[in-house]
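**Student:**
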Amino acid sequence: MKSGERQKATTEREGTRGLRTAGSKKQQGNKKKQVRSIKQLLAVNTKVGTSRGIRLWCIQMHIGSGGFGDVYRVIDERSTKSPQQEYAMKTEIHGAHQRRLTIEKSILKEIDAYTTANSKTRHFCELIDSGQTADYSVNFAWIVMTLIGPSLDSVRRMLNKQFSKPCVINMAVQILEVSGKIFFFKI
């Protein structure tokens with residue numbers, strides 16, 4: 001498939017329109033970019049829904065990519081709230097022998113069960129929805145969670161690739177706090 005070509009994928013109930021490839025980057029010789037070229041990017045306004053039909057997620061923009069999938073800013077088109085709240089959708093292509101999204105979903109469910117019984121816990125996103133496509137050409141799993149601020153990498157780039165010492169100490173304290181909570185959850 002050439003870069004920019006569109007193909008369709010069907011979710012469990014709703015149609016997903018506007019799947020496109022990330023484009024070939026093999027010419028650059030970077031192995032990481034070569035792997036990236038086989039993954040899919042969902043186009044803006046692509047609709048992703050579940051078999052329950054309660055929510056219909058609309059892709060607003062591509063936020064970033066990692067080693068195992070993509071992250072998008074989405075809204076729930078069936079929401080009656082105004083203004084519509086934005087969420088993050090993580091996707092993972094099936095068939096790549098990767099199930100990290102399933103593990104992340106399980107962890108978020110455990111954390112959600114704990115926070116429901118106790119007070120809300122900062123540092124963790126809330127799992128909102130999940131599903132997977134059932135199309136023969138492009139299969140991917142997805143989870144929708146609360147949208148948080150910019151990534152540390154983008155903040156670091158805005159600060160000329162350096163964090164101040166107080167900022168690093170603050171991040172370290174927060175990492176230790178969340179590590180303690182993970183230990184408490186016995187995850």
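Take the sequence shown: its letter number 38 is residue 38 in UniProt numbering, and every next letter is one higher. Cβ coordinates follow ideal geometry from the N, Cα and C atoms, glycine included.
Looking at the secondary structure, which residues open and close the beta strand (DSSP E) in which leucine 127 lies?
**Tutor:** To locate residue 127, count along the sequence shown from 1; it is residue 127. That run of the beta strand (DSSP E) goes 127-132.
**Student:** Given that a residue counts as buried once 16 or more other Cβ atoms are within 10 Å of its Cβ, and exposed if not, what is leucine 159?
**Tutor:** On the sequence shown, residue 159 is found 159 positions in, with the first residue counted as 1. The residue is exposed, with fewer than 16 neighbouring Cβ atoms inside 10 Å.
**Student:** Using only CA atoms, which one of Ala141, Gly53, Leu42 lies nearest to histidine 62?
**Tutor:** Against the sequence shown, residue 62 aligns to sequence position 62. When only C-alpha atoms are compared, the closest one is Leu42.
**Student:** Just tell me which of Gly53, Phe163, Ala88, Thr115 has its CA closest to the CA of glycine 149.
**Tutor:** Along the sequence shown, one-based indexing puts residue 149 at 149. When only C-alpha atoms are compared, the closest one is Ala88.
**Student:** Measuring CB to CB, does serine 130 end up less than 8 angstroms from tryptophan 142?
**Tutor:** Position 130 of the sequence shown, counting from 1, holds the residue named residue 130. Position 142 of the sequence shown, counting from 1, holds the residue named residue 142. Yes, Cβ-Cβ distance for serine 130 and tryptophan 142 is below 8 angstroms.
**Student:** Which residues in the same chain have their Cβ closer than 6 angstroms to the Cβ of isoleucine 54, if we skip the five residues on either side of it in sequence?
**Tutor:** Here the question's residue 54 lines up with position 54 in the sequence shown. Result list for isoleucine 54: empty, nothing under 6 angstroms.
**Student:** Please report the straight-line C-alpha distance between threonine 133 and lysine 165, rounded to a whole angstrom.
**Tutor:** Counting from 1 along the sequence shown, the entry for residue 133 is found at position 133. Counting from 1 along the sequence shown, the entry for residue 165 is found at position 165. Near 45 angstroms, if we compare the C-alpha coordinates of lysine 165 and threonine 133.
**Student:** Quick one: what's alanine 88 bridged to in DSSP?
**Tutor:** Along the sequence shown, read from residue 1 onward, the residue named residue 88 stands at position 88. DSSP lists Arg73, Met145 as partners of alanine 88.
**Student:** Measure the alpha-carbon distance for valine 155 versus glutamine 162 and round it to whole angstroms.
**Tutor:** Start at 1 with the first residue of the sequence shown, and residue 155 comes out as number 155. Start at 1 with the first residue of the sequence shown, and residue 162 comes out as number 162. The straight-line gap from Cα to Cα measures roughly 9 angstroms.
**Student:** Cutting at 6 angstroms between CB atoms, please list the residues of its own chain near histidine 123, excluding the five before and the five after it.
**Tutor:** Along the sequence shown, one-based indexing puts residue 123 at 123. Excluding positions up to five away in sequence, the list reads Val178.
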